[in-house]
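Numbering-wise, the sequence shown is residues 1 to 124 according to UniProt numbering. Don't be surprised by glycine CBs; every beta carbon is placed ideally from N, CA and C. In what follows, a single structure is set out as structure tokens and then discussed.
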Amino acid sequence: MVKKKIVNLSTYLSEIAVQGMQEKKGHDIVRLDLRELNSSVSDYFIVCNADSSTQVKAIADSVEDEIYKNTEATPWRKEGLENAEWIILDYFDVVIHIFKTEKRDFYGIEDLWGDAQTTSYQSA
């Protein structure tokens, strides 16, 4: 008998999102685990930044492609594709934020969820 580890779907989606960010060299990748917070709007926020709008868009495309390839899921909502300074991909329980570096510094989204458990990742 083979034992398999069962992973929560939102955890799995968050891991795939991180892989998509790493593929396109997203900087300062952080996963905020919001599941234990009373006022959380989703299970996870995944955040990274990039130096240019072109790279922000490439990261968003990579994340979306990886998630679709692995789960056939598409985002419920997408915002920010026009300017590519802050793109949000909303998968209900996982919300992905891809910032241009200066926008991430300005908005400080991690500070809003300072009591969340965070995991940091390196680019691939």
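Rounded to the nearest angstrom, the gap between the Cα atoms of G80 and E64 is 14 Å. With a beta-carbon spacing of about 4 Å, K57 and A84 fall inside the 8 Å limit used to define contacts. Secondary structure at R35: coil, using DSSP grouped into helix, strand and coil.
Inter-residue distance for L9 and S123 is about 23 Å (C-alpha atoms, whole angstroms). Collapsing the DSSP output to three states places F45 in a strand. One Cα belongs to V94, the other to S14, and the distance between them is close to 6 Å.
In this structure, P75 lies near D90, with their beta-carbon atoms less than 7 Å apart. Note that the C-beta distance between I29 and A60 is not below 7 Å. The residue from Y44, N38, M21, F45 with its alpha-carbon nearest to that of Q55 is M21.
No Cβ-Cβ contact shorter than 7 Å links K24 with S53.
Excluding sequence positions up to five before and after I96, its CB lies within less than 6 Å of the CB of A17, I46, V63, L89, all in the same chain and listed in chain order.
Non-local beta-carbon contacts of D43 in its own chain, meaning distances under 7 Å to residues more than five positions away in sequence, involve S10, L34, R35, D93, V94 in chain order. Counted as a single uninterrupted DSSP element, the alpha helix (DSSP H) harbouring D105 occupies residues 101 to 107.
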